[in-house]
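Sequences listed follow chains A and B, in order.
Position 387, counted from 1, in the first sequence is what my numbering calls 387; the numbers after and before it change by one each time, with no gaps.
Position 220, counted from 1, in the second sequence is what my numbering calls 220; the numbers after and before it change by one each time, with no gaps.
The structure appears below as structure tokens.
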Amino acid sequence: MLDRKLLRDLWQLRAQVLAVALVVAAGIVGYVGSLSAYDTLSHLQATHYERARFAQVFAAGKRAPLHLVDPLLQIPGVTEVEATVSFDVQLELPGVVESLTGRMVALPEHGRPRINRLTLTRGAWIDAPDSNQALVSEAFASLHRIGPGQRIGALLNGKREWLQIVGVVTSPEYIFPSRGGFGDERSFGIFWVGRQRLAAAFNMEGAFNRVVVRLEHGASEAAVVAELDRRLDHYGFTGAHGRGDQASHRMLTQEIAQWKVYGTTLPVIVLGVAMFLLNVALTRQIGTQRGQIAALKAMGCDDAQLGRHYLKFALVIVLIGAPVGIAGGAYFGVSVAQMYARFFRIPEFEYRMLPWIPLSAVVLSLAAAAMAVLGALLRVVRLPPAQAMRPPAPPSFGPTLGERIGLARLYSPAVRMIVRDIERRPLRALLTTFGIASAVGVMIAGTWWGDSVDHLLDVEIRMRDRQDVSVALTEPVSTSAIHDFSNLPGVMRAEATRDAPVRLSNGVRSYRTSIGGLDADSQMRPLLDEHFQRAPVPAAGIVLNRRLAERLGLALGDSVYVEFLQGRRVHADLPVTAFSHELTQLVAHMHRDALNRLLGEGEAMSGARLLIDAAQRDAVLRRLKNTPRVTAIAEIGPVIRYVRENTARNVLFFSYVLAVLGGAIALGVVYNNARIALAERAWDLASLRVLGATRGEVSTLLLGELGAEVLIALPLGCLMGYGLAWSILALSAVTEIQLPLRVAPGTYAFACLVVLTAGVVSALIVRRRVDQLDLVGVLKTRE
Amino acid sequence: MHAQTAQPRPQATGAEPVFVAQGLTKVYTMGEVKVNALRGVDLEIFASEFVVLLGPSGCGKSTLLNILGGLDTPTDGTAMFRDHDLTHASEAELTRYRRQHVGFVFQFYNLIPSLTAIENVTLVTEMSEHPMRPAEALALVGLGDRLQHYPSQMSGGEQQRVAIARAIAKRPDVLLCDEPTGALDFATGKIVLEAIARINAELGTTAAVITHNAPIAQIADRVMRMADGRIASIERNPSKLRPEQITW
Numbered sequence: 001m002l003d004r005k006l007l008r009d010l011w012q013l014r015a016q017v018l019a020v021a022l023v024v025a026a027g028i029v030g031y032v033g034s035l036s037a038y039d040t041l042s043h044l045q046a047t048h049y050e051r052a053r054f055a056q057v058f059a060a061g062k063r064a065p066l067h068l069v070d071p072l073l074q075i076p077g078v079t080e081v082e083a084t085v086s087f088d089v090q091l092e093l094p095g096v097v098e099s100l101t102g103r104m105v106a107l108p109e110h111g112r113p114r115i116n117r118l119t120l121t122r123g124a125w126i127d128a129p130d131s132n133q134a135l136v137s138e139a140f141a142s143l144h145r146i147g148p149g150q151r152i153g154a155l156l157n158g159k160r161e162w163l164q165i166v167g168v169v170t171s172p173e174y175i176f177p178s179r180g181g182f183g184d185e186r187s188f189g190i191f192w193v194g195r196q197r198l199a200a201a202f203n204m205e206g207a208f209n210r211v212v213v214r215l216e217h218g219a220s221e222a223a224v225v226a227e228l229d230r231r232l233d234h235y236g237f238t239g240a241h242g243r244g245d246q247a248s249h250r251m252l253t254q255e256i257a258q259w260k261v262y263g264t265t266l267p268v269i270v271l272g273v274a275m276f277l278l279n280v281a282l283t284r285q286i287g288t289q290r291g292q293i294a295a296l297k298a299m300g301c302d303d304a305q306l307g308r309h310y311l312k313f314a315l316v317i318v319l320i321g322a323p324v325g326i327a328g329g330a331y332f333g334v335s336v337a338q339m340y341a342r343f344f345r346i347p348e349f350e351y352r353m354l355p356w357i358p359l360s361a362v363v364l365s366l367a368a369a370a371m372a373v374l375g376a377l378l379r380v381v382r383l384p385p386a387q388a389m390r391p392p393a394p395p396s397f398g399p400t401l402g403e404r405i406g407l408a409r410l411y412s413p414a415v416r417m418i419v420r421d422i423e424r425r426p427l428r429a430l431l432t433t434f435g436i437a438s439a440v441g442v443m444i445a446g447t448w449w450g451d452s453v454d455h456l457l458d459v460e461i462r463m464r465d466r467q468d469v470s471v472a473l474t475e476p477v478s479t480s481a482i483h484d485f486s487n488l489p490g491v492m493r494a495e496a497t498r499d500a501p502v503r504l505s506n507g508v509r510s511y512r513t514s515i516g517g518l519d520a521d522s523q524m525r526p527l528l529d530e531h532f533q534r535a536p537v538p539a540a541g542i543v544l545n546r547r548l549a550e551r552l553g554l555a556l557g558d559s560v561y562v563e564f565l566q567g568r569r570v571h572a573d574l575p576v577t578a579f580s581h582e583l584t585q586l587v588a589h590m591h592r593d594a595l596n597r598l599l600g601e602g603e604a605m606s607g608a609r610l611l612i613d614a615a616q617r618d619a620v621l622r623r624l625k626n627t628p629r630v631t632a633i634a635e636i637g638p639v640i641r642y643v644r645e646n647t648a649r650n651v652l653f654f655s656y657v658l659a660v661l662g663g664a665i666a667l668g669v670v671y672n673n674a675r676i677a678l679a680e681r682a683w684d685l686a687s688l689r690v691l692g693a694t695r696g697e698v699s700t701l702l703l704g705e706l707g708a709e710v711l712i713a714l715p716l717g718c719l720m721g722y723g724l725a726w727s728i729l730a731l732s733a734v735t736e737i738q739l740p741l742r743v744a745p746g747t748y749a750f751a752c753l754v755v756l757t758a759g760v761v762s763a764l765i766v767r768r769r770v771d772q773l774d775l776v777g778v779l780k781t782r783e
Numbered sequence: 001m002h003a004q005t006a007q008p009r010p011q012a013t014g015a016e017p018v019f020v021a022q023g024l025t026k027v028y029t030m031g032e033v034k035v036n037a038l039r040g041v042d043l044e045i046f047a048s049e050f051v052v053l054l055g056p057s058g059c060g061k062s063t064l065l066n067i068l069g070g071l072d073t074p075t076d077g078t079a080m081f082r083d084h085d086l087t088h089a090s091e092a093e094l095t096r097y098r099r100q101h102v103g104f105v106f107q108f109y110n111l112i113p114s115l116t117a118i119e120n121v122t123l124v125t126e127m128s129e130h131p132m133r134p135a136e137a138l139a140l141v142g143l144g145d146r147l148q149h150y151p152s153q154m155s156g157g158e159q160q161r162v163a164i165a166r167a168i169a170k171r172p173d174v175l176l177c178d179e180p181t182g183a184l185d186f187a188t189g190k191i192v193l194e195a196i197a198r199i200n201a202e203l204g205t206t207a208a209v210i211t212h213n214a215p216i217a218q219i220a221d222r223v224m225r226m227a228d229g230r231i232a233s234i235e236r237n238p239s240k241l242r243p244e245q246i247t248w
């Protein structure tokens, strides 16, 4: 019979049951979706690396004879070695003026690489290795809409050649085709060509300039790196390194790591909020049934039976919410993982949801529901049946704080009623406000990073890198070459740059990066403090990015061991004389004169920064492409545009998902509260209707408190969102790119608007109930 | 029914009919069962009259009061308040009618617990056009010294008197009371009846009180006995008593 009561209660309270189930579902969606997406991505990375036999150690240099390769297999721990030839060249794509760099990689004699295996996604493999046939990396191909059958111009050792694209491939080495910069995949393409063809063009017959190594399980990467360095040092190899210093791996791991923070903090927050709301809703629901509970007890129902009865009630709510939440979570998880997999261009995609993820979500929901039921029941069953059967005595009220200090005259009885209700049950008001605020907070916490990226692009990058175009040279040349650039028509100003790849170490901690030479009076690359004010460039010592210094455990005045990875392989201990604050790079700087002295190369430059006349951009870029020794031309504008478009698309997706989650939470909270308030006040309100109050007036009284709570919750939710964003940042690992904490007004406004809309919608639904108040009933009975 | 501004209060002559009902029937359909709550009621209630509707539970007296009060509409027949047709009025018109002309008192006082006595009254006076001062209304029911008390700080009788003050503060033309003493003991019930009688006498407000408690009929000008959905008898009270004179 109790089960029949359960079914009828559920049916009668169906709207409220659904509202609470909706909140539970929203929590589970966030939890299951984020966790499974993170798990899928890390799993995808691992399996893809294994399937594609991604190398563990990498080394690149100038020119080493091929007979050195086989003996490398004798290095303890090395199971496989593959040597190749690769060069970065200028590309020409019909209709594209901007500078594009291509990395030409030679395919082995026997056809396909055994290490860093390629996956063919379109077209065919090369069948004539000495022809101009080429394979192109998927990212570059799709961003520039090129494919099999098309031709692309490449400047091979100063000579223009037309490569015939026959296939599109992905490589584990270039999941993120990166030269260490921001948004490289658009301007940096990888091309695989026949070994004979490439070797012939660059005079590399019988030689190699890159080698990749696979290790046996448990082998010491450091030992292999050291031995490779020892053996290849004479051939211009700039230092072997493991995956940790491999550009693509670093970027991919960083991206997944960033998702990890979202994938673990956000779901905990969302599920926590949902559990909390479930608890509040059940507590109140049981509170309104105190009369029935007493009657059941009076009939001889024992506490255990009552407990089971209400646990079933909670169970039904969770069981309605859970499948919806898990299905929604799977959709969210697949979408996120797929979005990232597509962005990374990992060829195989397989979504997986480890069973513990939905299971733990359901168990947590059930536990929260059970706690709520038991807590609320305890309070009710303690009452003797006779007392519980009477409606609760009129609750006690007193003047509010505002009235005690004399503000009473300022507001009407209706307002007083609202204020007193809030003051009388501050905890309840607080919980409701918190629930609504958390909907706002969760939305902000999920979308603020778009604002951060915008800030990064608009302020960070533009303040520090003020050039329009930067140019890299094949090797350092005398600074007098700067005139070759400043004299180009269309170039308004040119500054020489000096970048030298280094390994920085402090004890066991080390990091591969580069030292940039700074001019004290540089207009295009000033040294800036945290507040973007120009700081003096110390004449001696090294300027370290603050996050890099933290990573290496260095303070001002400490000395850092610097190994240059090019040229004469100079090494030195340098004192840290200042910090820099770049958010997008972990780099080091020195005064250019000091750097040149240290390297003993005289006044040298390895590249240039240029300010150009926008009207002559195309001509300048064309001329730069034809300038000898220029290997790379980077334009900031298109990169910023590209990153912005990418971010905007991702933010849009998250805004959509979180708007649904936040809206569901807000709807659940507001609707449920309004229904409970209606249940508690039905008599008061119906009496007022009988006395001639209009529906609007009565609705104001009913919903005024909720309205006030929503209005308080909005700014509170904004604060909460900011706090969540802050903690997500604080929890994030130190990576190359550090997002600044920025939340734009539009992000706050959007979150508030969604929650406000959800609030208004639920209020309107409840208002319909006000219209159906039983005016005749109030004249007669009470409970 | 057209919009009405407050009308001058009719003189306590008892001559002018306030309510005129003819052939009122009300059938409730409950599932497949039809319940005839009213089976053709004709009545007139005059200005400033004190009428008691007497009858056992289920005789239709509440249904009748609800129709006169603009809370319900009849299945058939007509009900007029002065020149307002209550039979065909819209929901909004009925709300306006209740707001301007009717004061209700319930068996359970239904005060707002978070508002003091005077604030409960003020809540209603703020909705009406020519109300009396809330303190004045409370003084009329003998609660001039309990203005700042909350419902939880008052007895049932006091709460009911606040409810009466709330009902009459807007100067209604009629005061409709459904078992106003139903939840009260004898002593407090009498105090409440005194308050109603005083309003009727001093303000000239037409009062209609529903009760199943026969002795209460002794304080009325006229007593209408109801049974089975019909008015069984209408009697003029030859010797109207004051509330303190009755016992039950």
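All C-beta atoms in this analysis are idealised placements derived from N, C-alpha and C, irrespective of residue type, glycine included.
Fair warning: this is a prediction, and the values are worked out from it, not measured in the lab.
Cβ-Cβ separation, residue j to residue i (assumed contact under 8 Å), whole Å
i: residue 528 of chain A; j: residue 462 of chain A; result: Going by Cβ atoms, the distance from residue 528 of chain A to residue 462 of chain A rounds to 12 Å, so no, they are not a contact pair.
i: residue 73 of chain B; j: residue 692 of chain A; result: Rounded, the Cβ-Cβ distance is 17 Å, inconsistent with contact.
i: residue 771 of chain A; j: residue 686 of chain A; result: Actually they are not in contact, since the Cβ atoms of residue 771 of chain A and residue 686 of chain A sit about 11 Å apart, beyond 8 Å.
i: residue 752 of chain A; j: residue 714 of chain A; result: 5 Å
i: residue 108 of chain B; j: residue 18 of chain B; result: That pair is no contact at about 27 Å.
i: residue 163 of chain B; j: residue 200 of chain B; result: Going by Cβ atoms, the distance from residue 163 of chain B to residue 200 of chain B rounds to 16 Å, so no, they are not a contact pair.
i: residue 226 of chain B; j: residue 51 of chain B; result: Between residue 51 of chain B and residue 226 of chain B the Cβ distance is about 12 Å, and since that is not below 8 Å, they are no contact.
i: residue 705 of chain A; j: residue 436 of chain A; result: Not a contact, Cβ separation roughly 12 Å.
i: residue 164 of chain A; j: residue 134 of chain A; result: 7 Å
Nearest neighbour of residue i, chosen from the options [CA to CA]
i: residue 23 of chain A; options: A:289, A:516, A:319 and A:414; result: A:319
i: residue 112 of chain B; options: B:160, B:144, B:88 and B:140; result: B:160
i: residue 57 of chain A; options: A:228, A:591 and A:335; result: A:228
i: residue 727 of chain A; options: A:758, A:159, A:266 and A:11; result: A:266
i: residue 451 of chain A; options: A:663, A:209, A:667 and A:741; result: A:741
i: residue 117 of chain B; options: B:104, B:138 and B:127; result: B:138
i: residue 234 of chain A; options: A:63, A:420, A:282 and A:759; result: A:63
i: residue 169 of chain B; options: B:185, B:92 and B:104; result: B:104
i: residue 92 of chain B; options: A:699, A:709 and A:695; result: A:695
Buried versus exposed, by CB contacts within 10 Å (16 or more), residue i
i: residue 55 of chain A; result: buried
i: residue 162 of chain A; result: exposed
i: residue 786 of chain A; result: What is shown of chain A runs 1 to 783, which leaves residue 786 of chain A out entirely.
i: residue 239 of chain B; result: exposed
i: residue 203 of chain A; result: exposed
i: residue 356 of chain A; result: exposed
i: residue 171 of chain A; result: buried
Check whether residue i and residue j have beta carbons under 9 Å apart
i: residue 631 of chain A; j: residue 88 of chain A; result: yes
i: residue 196 of chain B; j: residue 215 of chain B; result: no
i: residue 156 of chain B; j: residue 184 of chain B; result: yes
i: residue 210 of chain A; j: residue 129 of chain A; result: no
i: residue 212 of chain A; j: residue 101 of chain A; result: no
Task: Runs of beta strand (DSSP E) wholly within the stretch 450-517 of chain A (minimum 3 residues, chain order) - done: 469-478, 491-497 and 499-506
Task: Contained alpha helix (DSSP H) runs [length at least 4] in the stretch 78-125 of chain A, N- to C-terminal order - done: none
Open item on the list: Runs of 4 residues minimum, wholly inside the stretch 627-664 of chain A: which ones carry the alpha helix (DSSP H) assignment?
Closed with: none
Task: Sequence ranges, beta strand (DSSP E) only - wholly within the stretch 189-241 of chain B, length at least 3 - done: 206-211, 222-227 and 230-236
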